[in-house]
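Residue numbers (our numbering), protein chains in the order written: chain A, 65 to 699; chain G, 65 to 699.
Beta carbons: idealized from backbone N, C-alpha and C, even for Gly.
Note that the coordinates shown come from a computational prediction; the quantities given were computed from them, not determined experimentally.
Inspection log for the structure reproduced underneath, given as structure tokens.
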């Protein structure tokens with residue numbers, strides 16, 4: 065079991081990622097704060113800070129918002145915590161402290177914390193786990209508390225959430241009444257409390273919720289009947305939706321609401337990593353394999369259908385009616401990261417990278433101001449967002465304020481990226497993501513210069529804590545990197561051992577030792593399993609970690625008429641105009657077929673040679689509304 | 065303007081169609097009668113005959129059923145009328161007469177006829193044209209009345225419906241209150257009354273409803289507001305749904321509910337044929353061209369979306385989420401037939417044939433006992449009928465009793481097929497469909513022996529009313545028939561004139577003159593316009609009028625893995641096992657590609673040669689639940 069790195073031990077100085085982090089510190093977090101404070105006009109009213117002030121008795125008024133409105137504050141605080149590590153900001157920290165003071169005052173004498181129930185329905189506490197997100201909100205606030213503690217050393221929120229956790233433990237458990245959350249998240253929060261405090265009471269409670277889930281598939285139906293009222297009118301008999309259809313250890317396929325699913329799998333992996341329980345680990349591996357080998361888009365997106373924002377069935381991966389929520393791809397990164405801690409394997413790191421560079425990043429406009437919920441692999445502006453079945457698939461990112469859940473999720477992932485880039489065990493330091501900057505471990509400080517993701521060239525300069533310090537540097541090599549060269553101080557490092565996607569470099573390190581990793585990044589043609597109906601005869605292009613896509617603006621109309629020749633010769637070049645400046649485009653001589661006017665004809669459509677251009681998928685939709693397509697017919 | 069042939073002047077003796085007609089007379093009509101009489105157990109209660117008996121004061125009870133329940137009786141009677149011509153049946157006629165007696169008694173003193181409003185809401189008559197189908201039911205009963213009069217010479221129902229028409233004319237018109245039907249059909253019924261009686265009062269009223277439509281696009285909204293109650297809660301602001309968004313002469317694209325649309329277009333063509341009004345005819349042509357050149361499936365199916373059972377936009381023709389209701393394809397046949405009367409052109413006849421042999425016939429199980437509403441061009445049993453977006457696309461025909469509208473529509477079309485096969489003008493007899501049997505005209509009786517649709521071989525033996533009777537025999541030649549031979553009494557008929565899809569054969573005819581028309585029927589590869597995203601890189605196979613499809617049962621699983629080679633050599637042979645016995649299958653050496661286990665791989669899927677087999681599309685779904693696909697990738 066590997067150790068997570070503390071965020072303060074990572075400095076990010078990366079040509080690709082630093083810019084994203086700057087966008088978030090400078091644009092996204094302040095904007096979100098203003099929204100939570102109801103300072104932005106013409107956006108949906110939040111009232112989330114106000115709810116806490118009212119519950120704290122500091123202000124008169126009524127609760128306003130969704131039953132899970134508190135979670136917006138929690139997610140903002142978690143993002144702020146990571147942000148304070150990346151870019152210290154005394155004013156921001158003061159404001160966050162003030163928010164935490166209010167939260168503490170809103171906590172009830174018995175430890176209970178939830179402004180909706182405190183202000184609106186105190187008599188209904190803990191009666192509607194199915195719909196009412198009390199545990200969900202608590203989980204997010206626990207994550208925020210652990211993050212804020214790690215970032216600032218301040219434990220006020222941590223103590224608040226420990227009291228809340230104690231309160232929850234007084235309600236639910238083996239010797240209390242049984243309960244499971246309608247939307248998994250409390251398990252993640254409790255595990256974060258455990259990791260922050262070392263108190264196994266919290267990991268035990270997390271495991272209780274995991275173990276209890278699906279033991280009684282009728283749980284939510286019985287809860288609904290007993291209670292006699294509903295909040296949303298959610299169907300309690302849809303047990304797949306919230307993964308309560310079977311005990312988690314018996315679940316073999318990724319089912320239901322995809323965000324709920326990956327949050328749960330992440331907690332399962334976290335617990336399995338702690339306990340070493342083979343059955344739970346096996347369930348994680350089975351679900352991982354089903355999800356990533358039968359139900360995942362090439363972009364790392366998951367969730368094939370808008371109906372329940374859910375997984376559907378094996379190999380059902382429609383490109384234009386897809387869901388692939390940004391939050392779900394983020395949850396997949398969480399899950400992958402936890403699996404990596406148990407077993408550093410390229411199969412987890414490759415998927416983590418795939419989701420991060422494609423299905424997660426596509427969620428955010430390049431200017432940081434707009435966000436996608438749904439990340440399609442094909443859009444047609446006359447259809448997507450307009451026609452029945454396609455209304456959820458928007459051809460442009462809407463203003464980020466209208467989707468409250470994805471932006472803060474992008475924030476917390478990208479601002480804590482260091483944790484995904486590194487981990488360590490007693491004798492090994494793992495580099496998972498080639499993140500430029502530096503990272504400090506007990507054995508050494510390692511400086512990284514990275515040309516990734518645009519080029520396969522990374523160097524690690526090692527400063528061991530003492531000369532001749534022995535440890536293993538394990539560097540992930542992507543499965544696509546066929547010929548990888550490792551240099552030590554300019555000389556080829558021979559006899560390296562590559563196992564399961566990582567090259568292991570043992571050495572007694574000298575100050576200034578420099579490891580250079582280089583691999584070529586040809587454009588790759590990716591074929592899809594022929595069990596998938598939608599991608600038959602097609603290829604998707606990838607280069608490095610990036611999936612590429614074709615947009616109308618680069619290729620004229622009717623992208624469906626374009627063909628990638630079997631023997632296409634790809635060239636790639638760095639684009640020099642905004643907003644895609646600095647990104648690598650792929651170009652080649654392709655084919656356009658076009659028919660005459662008739663709808664149906666015996667005449668084969670004519671062909672012409674055309675220059676085709678593809679751009680990284682995550683950057684699509686930044687140049688106005690136009691057609692987009694990832695999978696293209698090969699000819 | 066050509067004359068419609070009276071059904072009693074056509075005798076059908078056709079290897080293909082007679083069997084279908086026998087199915088209908090022997091299976092479908094009696095079954096439907098039993099249902100309307102509530103004699104069948106385990107099907108949805110009809111009560112349709114009972115509603116009339118109660119309204120007639122012959123029985124105690126309450127109305128039961130939909131607001132348009134009366135139309136089931138009307139459609140049954142219309143089918144019975146045609147059936148009595150094809151296969152006289154004294155007992156059936158007696159029972160139909162008895163039903164008509166009841167209908168007459170159910171008519172109110174002021175001519176009003178509608179059991180729902182008479183029994184349930186007499187105070188609400190004519191207040192909710194938007195939802196309540198009063199005019200729709202009247203239209204169907206007028207069609208039944210005209211058909212029964214034509215078939216039997218009995219005019220009791222005709223008189224009933226003339227009184228109803230007079231009643232309607234007393235309600236709506238230029239100098240009365242304005243009104244348009246929510247579901248077009250009254251226009252067709254009134255035109256049938258006009259054709260049966262010659263009374264222009266009815267064609268004038270039909271034209272009134274056509275002219276009035278869309279003049280005030282707010283009509284239904286205003287009606288709804290004024291009335292202050294709703295029946296279904298249908299949205300009156302959706303003016304595309306019922307084609308009230310613009311005056312009909314200004315409509316350029318086929319919009320909204322596809323059955324409503326083609327019923328309206330049929331009435332427009334009928335009226336334009338009568339009045340010769342260029343603007344109305346132009347509108348018909350514009351709508352025809354838009355619909356058949358941009359919004360029609362290769363099967364003649366129309367309606368791309370389940371949302372409103374409607375047209376969507378140009379070139380949006382998804383194969384697996386399609387609607388393509390059987391009734392809509394039938395309505396397309398109606399429209400084509402009326403256009404042919406105005407201008408005999410292959411463009412109408414080809415589409416009429418396309419819809420008839422494919423999108424209409426596919427609606428009925430080969431045993432006549434089950435029916436499709438929705439006629440997909442691709443099904444995958446694990447998805448179709450199950451997953452969100454595909455729930456309306458059933459992989460097998462449900463028991464016909466559960467869909468009350470399509471079976472009687474198939475009945476009335478197929479039992480009156482003679483009217484679609486023939487027409488005449490003063491000096492020309494038109495053969496549109498190669499229907500085997502005979503047809504009597506003022507100039508001659510013509511016997512037809514037809515190998516169509518399986519082979520392109522038809523002979524016409526002419527018995528002129530007197531020797532040397534001069535007239536033109538005009539025989540439609542399908543646009544796909546590239547080399548057509550015409551023999552007269554065994555000798556090549558040279559210098560024939562083929563114009564607009566018809567070969568014109570002028571002659572002073574002798575008794576026994578025999579015209580033989582032969583053309584080859586190679587398997588044709590059909591390409592789709594490249595504006596259609598769904599069929600890119602694909603071909604559909606046709607032979608004669610039939611579209612072919614591939615079913616899992618003939619080709620193993622995963623039809624999407626199959627490819628039709630560019631140079632495929634097709635063979636065709638007659639199948640000899642039920643239920644497809646006697647049909648021509650197409651076989652060839654094709655290609656199957658199949659990937660390894662990975663979801664995504666850089667390895668191109670392997671290929672193998674496989675024997676592929678296609679069957680006529682209309683016969684799909686008769687051998688159990690399996691995959692089906694019309695459009696196949698070409699390689």
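Could you check the C-alpha separation between residue i and residue j for me, to the nearest Å?
i	j	result
residue 655(A)	residue 159(A)	57 Å
residue 536(A)	residue 600(A)	44 Å
residue 37(G)	residue 371(G)	Not covered by the structure: residue 37(G). The range shown for chain G is 65 to 699.
residue 523(A)	residue 498(A)	9 Å
residue 343(A)	residue 249(A)	21 Å
residue 311(G)	residue 319(G)	13 Å
residue 258(G)	residue 225(G)	11 Å
residue 652(G)	residue 636(G)	9 Å
residue 206(G)	residue 253(G)	5 Å
residue 360(A)	residue 295(G)	45 Å
residue 81(A)	residue 471(A)	17 Å
residue 223(A)	residue 214(A)	13 Å
If residue i and residue j are in contact, beta carbons under 8 Å, what's the gap, nearest whole angstrom?
i	j	result
residue 255(A)	residue 175(A)	Wrong, their Cβ atoms sit about 19 Å apart, outside the cutoff.
residue 135(G)	residue 200(G)	6 Å
residue 95(G)	residue 109(G)	Between residue 109(G) and residue 95(G) the Cβ distance is about 15 Å, and since that is not below 8 Å, they are no contact.
residue 489(G)	residue 66(G)	5 Å
residue 602(A)	residue 692(A)	Contact doesn't hold; Cβ gap of about 14 Å is too wide.
residue 76(A)	residue 481(A)	7 Å
residue 390(A)	residue 427(A)	3 Å
Check for me: the alpha helix (DSSP H) holding residue i runs from which residue to which?
i	result
residue 347(G)	342-358
residue 514(A)	First-last for residue 514(A): 508-514, but that is the beta strand (DSSP E), not the alpha helix (DSSP H).
residue 104(G)	Segment: none, residue 104(G) is in no alpha helix (DSSP H) and carries neither H nor E.
residue 85(A)	81-87
residue 229(A)	220-235
On a Cα-Cα basis, can you pick out the residue from the options that is closest to residue i?
i	options	result
residue 634(G)	97(G), 77(G) and 588(G)	588(G)
residue 101(G)	111(G), 421(G), 107(G) and 645(G)	111(G)
residue 571(A)	657(A), 560(A) and 565(A)	560(A)
residue 586(G)	650(G), 426(G) and 392(G)	650(G)
residue 553(G)	416(G), 310(G), 579(G) and 685(G)	579(G)
residue 404(G)	622(G), 334(G), 298(G) and 142(G)	334(G)
residue 276(G)	264(G), 236(G) and 503(G)	236(G)
residue 544(A)	507(A), 482(A) and 608(A)	608(A)
residue 413(G)	423(G), 425(G), 399(G) and 99(G)	399(G)
residue 314(G)	629(G), 345(G), 296(G) and 388(G)	345(G)
residue 324(G)	217(G), 197(G), 83(G) and 378(G)	197(G)
residue 411(G)	396(G), 628(G), 534(G) and 168(G)	396(G)
Got a sec: does the ligand ZN put a non-hydrogen atom nearer than 7 Å to the Cβ of residue i?
i	result
residue 302(G)	Of the ligands one can find in the structure shown there are none, so the ligand ZN has no counterpart to examine.
Which of the residues in the region 612-635 of chain A, read from start to end, lie with their CB under 7 Å from any CB of chain G? Residues 622, 624 and 625.
Given a limit of 9 Å on CB to CB distance, which residues of the region 349-373 of chain G reach chain A? If the cut-off is 9 Å between Cβ atoms, the region 349-373 of chain G has 356, 357, 358, 359, 360, 362, 368, 369, 370, 371 and 372 near chain A.
Please list, in chain order, the residues of the region 662-675 of chain A that have any C-beta partner in chain G closer than 7 Å. Within the region 662-675 of chain A, the qualifying residues are 662, 663, 664, 665, 666, 667, 668 and 669.
If contact means a Cβ-Cβ distance below 7 Å, which residues of the region 446-476 of chain G contact chain A? Cβ contacts with chain A: 446, 447, 451, 452 and 453.
To be precise: take each residue of the region 576-598 of chain G, compare its Cβ to all Cβ atoms of chain A, and keep it if any distance is under 7 Å. Which residues remain? Residues 588, 589, 590, 591, 592, 593, 594, 595 and 597.
Relative to chain A, which residues along the region 377-411 of chain G have a C-beta separation below 7 Å, given in chain order? Within the region 377-411 of chain G, the qualifying residues are 377, 380 and 385.
Compile a chain-ordered list of the residues in the region 320-343 of chain A whose CB is closer than 9 Å to at least one CB of chain G. Answer in chain order: no residues at all.
Mind listing which residues of the region 682-698 of chain A have their C-beta closer than 7 Å to chain G's C-betas, in chain order? 697: these are the residues of the region 682-698 of chain A whose beta carbon lies less than 7 Å from some beta carbon of chain G, given in chain order.
Of all the residues that make up the region 645-656 of chain G, which are near chain A by a beta-carbon distance shorter than 8 Å? Listed in sequence order: no entries.
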